[in-house]
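Student: Here this note's numbering = 1-based position in the sequence shown + 702. Even for Gly, the Cβ is constructed at its ideal location relative to N, Cα and C.
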Amino acid sequence: MGYGFDTKISNSGALFSIGIGYKHKFRSHLGLNVTLGYHYKQTGYDVLLNDTKFANGNNDRHSIAFGLGFIF
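1) Please list the segments of the beta strand (DSSP E) lying wholly inside the region 709 to 762, counting only runs of 3 or more residues, in order along the chain.
2) Where does residue 715 land, buried or exposed, given buried means 16+ other C-beta within 10 angstroms?
3) Would you call the region 718 to 735 in contact with the region 749 to 759, where contact means no fewer than 3 C-beta pairs closer than 8 Å?
4) Checking the sheet assignment: what are the DSSP bridge partners for residue 772?
5) Can you tell which of 713, 740, 735 and 753 has its C-alpha closest to the C-alpha of residue 764?
Written out as structure tokens, the structure is:
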């Protein structure tokens, strides 16, 4: 959970991530790792018209991540 501040190269907005994972070992040096995660990012922006601030708004991005890995 966090918040990104407005700079010259990035926009401000809230950040949130949560995830769950499971690992299963078949032998002492071999296994499988599975992860599932959810990510949320809110991005604020300004609409400029002839270098004048015309309006502002925000976008929300929701994403789900899935990972599969091998343990050696």
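Tutor: Taking the definition as stated:
1) You should have 715 to 729 and 732 to 751.
2) The residue labelled residue 715 in the question sits at position 13 within the sequence shown. It counts as buried.
3) Contact fails: fewer than three Cβ-Cβ distances are below 8 Å.
4) For the purposes of this step, residue 772 is identified with residue 70 of the sequence shown, where counting begins at 1. DSSP lists 734 as partners of residue 772.
5) On the sequence shown, residue 764 is found 62 positions in, with the first residue counted as 1. Measuring from the Cα of residue 764, the nearest candidate turns out to be 740.
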